[in-house]
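Quick mapping for you: the protein sequence lines, in order, are chains A and B.
Converting from the first sequence to my numbering requires adding 2 to each position, the first position being numbered 1.
Converting from the second sequence to my numbering requires adding 2 to each position, the first position being numbered 1.
All C-beta atoms, glycine included, are put in the ideal place defined by N, C-alpha and C.
All values derive from a computational prediction rather than experimental measurement.
Below is one structure, written out as structure tokens; comments come after it.
Number of protein chains: 2
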Amino acid sequence: MARTQGSHSDITGPRVRDAALRLFARHGYAAVSMRQIAAAVGVQAGALYNYTPDKQTLLFDLMRGHMEDLLAAWDAAEPEGDAMAALEAFTRFHIRFNTSRADAVFVSYMELRNLEPENFAVIEGLRREYETRLEAVLRRGAEAGAMVVAEPRIASMALIAMLTGVNTWYRAEGRLSLAEVEAVYWDMVRRSVVG
Amino acid sequence: MARTQGSHSDITGPRVRDAALRLFARHGYAAVSMRQIAAAVGVQAGALYNYTPDKQTLLFDLMRGHMEDLLAAWDAAEPEGDAMAALEAFTRFHIRFNTSRADAVFVSYMELRNLEPENFAVIEGLRREYETRLEAVLRRGAEAGAMVVAEPRIASMALIAMLTGVNTWYRAEGRLSLAEVEAVYWDMVRRSVVG
DNA sequence: GGTTTAACTGAACATTCGTTCAGATCAAAG
DNA sequence: CTTTGATCTGAACGAATGTTCAGTTAAACC
Numbered sequence: 003m004a005r006t007q008g009s010h011s012d013i014t015g016p017r018v019r020d021a022a023l024r025l026f027a028r029h030g031y032a033a034v035s036m037r038q039i040a041a042a043v044g045v046q047a048g049a050l051y052n053y054t055p056d057k058q059t060l061l062f063d064l065m066r067g068h069m070e071d072l073l074a075a076w077d078a079a080e081p082e083g084d085a086m087a088a089l090e091a092f093t094r095f096h097i098r099f100n101t102s103r104a105d106a107v108f109v110s111y112m113e114l115r116n117l118e119p120e121n122f123a124v125i126e127g128l129r130r131e132y133e134t135r136l137e138a139v140l141r142r143g144a145e146a147g148a149m150v151v152a153e154p155r156i157a158s159m160a161l162i163a164m165l166t167g168v169n170t171w172y173r174a175e176g177r178l179s180l181a182e183v184e185a186v187y188w189d190m191v192r193r194s195v196v197g
Numbered sequence: 003m004a005r006t007q008g009s010h011s012d013i014t015g016p017r018v019r020d021a022a023l024r025l026f027a028r029h030g031y032a033a034v035s036m037r038q039i040a041a042a043v044g045v046q047a048g049a050l051y052n053y054t055p056d057k058q059t060l061l062f063d064l065m066r067g068h069m070e071d072l073l074a075a076w077d078a079a080e081p082e083g084d085a086m087a088a089l090e091a092f093t094r095f096h097i098r099f100n101t102s103r104a105d106a107v108f109v110s111y112m113e114l115r116n117l118e119p120e121n122f123a124v125i126e127g128l129r130r131e132y133e134t135r136l137e138a139v140l141r142r143g144a145e146a147g148a149m150v151v152a153e154p155r156i157a158s159m160a161l162i163a164m165l166t167g168v169n170t171w172y173r174a175e176g177r178l179s180l181a182e183v184e185a186v187y188w189d190m191v192r193r194s195v196v197g
């Protein structure tokens, strides 16, 4: 048998997270066993516990990591300038970021109900933070008279839901390029907030 | 012990489906056991098999029933007249129908990956039919010059995603009435398709 | 080259799973 | 009152679950 033991912590750790994310996205947290994850990595189930205290924490860490990445990426990408430019940037950023991490987006939305209450509260808080980022843009646009937004909070949730929907049908090899998809959605987003 | 046996088929049947739908929505198909469903109904697990051949079919029947109800309800509700009126009707119908059946909507979207391939194909087909109904309205509006819709198929998916998002935050006891929610969303939908 | 130790194996633990089925029960039919 | 048949119980089946841990392996260190 090939060498299967030794020091691989820095290699195996990411592979555990990658395999768990892929399997959770495909089959759902509850339907995936620790043995399946281990098999995908190429180790026995017991070895996973060198990398996570338990299955729940593995899920939670994946979701928190994704949400924190999302917030950090937007904070780094948000442009200076007027609200309309920020809204376009948000639209394109959200589509690009989410399609590039489809599994993490899927898991972070679908597995909320499998989080223990305190873990759920953390992820929910991060999600609300993200919504608040967009809400701030809409409020700024409304105050400047560049946008018409009767309910900024609801509008932010509505737009995010619309944009996240891209993930349900977009395929890299499909008819439209990502840039074209961005353009189609930006068209709809822009129109939905102008008088 | 109270009477627990006898002829209750027409009573127990719906109760099994109701309990299963509620539990599937709350905890997920894979995380809910037949014993939990049975306990919610007040019978032993074995009794469930008088009402479904297996757990998978129970899930599938719930999802198919919901999707068929959805299509039938829209076909009954779609107004004659111009495309813009049809779009407003669709917007209000979708919000009203979906918020009134939140559990079924949730399950029909979240549990797709737990369907066996042939069952998945059926539900996916019904979903596409529903999208096609809206797409037809958008095409009609574009042809009549009343709407600007560059990609009717994508626009229909985008609008449905936006409208279905209401379910994630709407509560009957919340600040806005359903009629007010409808108005907010119709405002955004209308603007998103006019030049 | 011998020692240390992180990484992993393989077996075991108590639970729980979906499903089956012989037998008990009771409303309805004769 | 007796019979019938749908409905449900309660126990059982093998398989799978998350997690633990004593022991094995091999890379890294002195």
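- For asparagine 116 of chain B, the closest alpha carbon among the candidates B:Ala87, B:His10, B:Val34 is that of B:Val34.
- Think of a sphere of 7 Å around the beta carbon of isoleucine 156 of chain B: the chain A residues whose beta carbon falls inside it are Val186, in chain order.
- When only Cα atoms are considered, arginine 135 of chain A and isoleucine 39 of chain A end up about 35 Å apart.
- In its chain, beyond the 5 residues on either side, Gly143, Ala148, Met149, Arg192 have a beta carbon closer than 8 Å to the beta carbon of methionine 86 of chain B.
- DSSP places tyrosine 111 of chain B within a helical segment (H, G or I) once states are collapsed to three.
- In this structure, DSSP gives methionine 149 of chain A a state outside helix and strand, which the three-state scheme calls coil.
- Collapsing the DSSP output to three states places histidine 10 of chain A in coil.
- The three-state reading of DSSP puts leucine 180 of chain A in helix, counting H, G and I together.
- For alanine 79 of chain B, the enclosing alpha helix (DSSP H) begins and ends at 57 to 79.
- In the three-state reduction of the DSSP assignment, threonine 54 of chain A falls in the coil class, being assigned neither a helical nor a strand state.
- Here DSSP, grouped into helix, strand and coil, assigns leucine 161 of chain A to helix.
- Restricting attention to B:Arg98, B:Leu114, B:Phe95, the CA atom closest to the CA of aspartate 63 of chain B is found in B:Leu114.
- What glutamate 153 of chain A touches in chain B, judged by beta-carbon distance under 7 Å, is Val186, going in chain order.
- Taking C-beta separations shorter than 8 Å and ignoring five residues to either side along the sequence, the partners of alanine 79 of chain A in its chain run Ala91, Phe95, following chain order.
- At a cut-off of 8 Å between beta carbons, asparagine 116 of chain B contacts chain A.
- Glutamate 131 of chain B sits in a helix when the DSSP states are folded into three classes.
- Per DSSP, the unbroken alpha helix (DSSP H) holding threonine 101 of chain B starts and ends at 85 to 102.
- A direct Cα-Cα distance of roughly 22 Å separates alanine 42 of chain B from proline 119 of chain A.
- Per DSSP, the continuous alpha helix (DSSP H) segment holding valine 43 of chain A begins and ends at 36 to 43.
- Below the 8 Å Cβ cutoff, chain A contributes Arg115 as neighbours of arginine 28 of chain B, in chain order.
- The beta carbons of serine 158 of chain A and glutamate 133 of chain A sit closer together than 8 Å.
- Taking C-beta separations shorter than 8 Å and ignoring five residues to either side along the sequence, the partners of alanine 104 of chain B in its chain run Ala27, Asn169, following chain order.
- Chain-ordered, the chain A residues with CB closer than 7 Å to the CB of glycine 167 of chain B read Met159, Ala160, Ala163.
- Methionine 86 of chain B has a beta carbon lying at 8 Å or more from every beta carbon in chain A.
- With distances taken between CA atoms, leucine 128 of chain B lies nearest to B:Ala74 out of B:Gly83, B:Pro81, B:Ala74, B:Arg155.
- Using a CB distance cut-off of 8 Å, aspartate 189 of chain B counts as an interface residue toward chain A.
- For arginine 173 of chain B, the secondary structure class from DSSP, reduced to helix, strand or coil, is coil.
- Inter-residue distance for lysine 57 of chain B and methionine 36 of chain B is about 7 Å (C-alpha atoms, whole angstroms).
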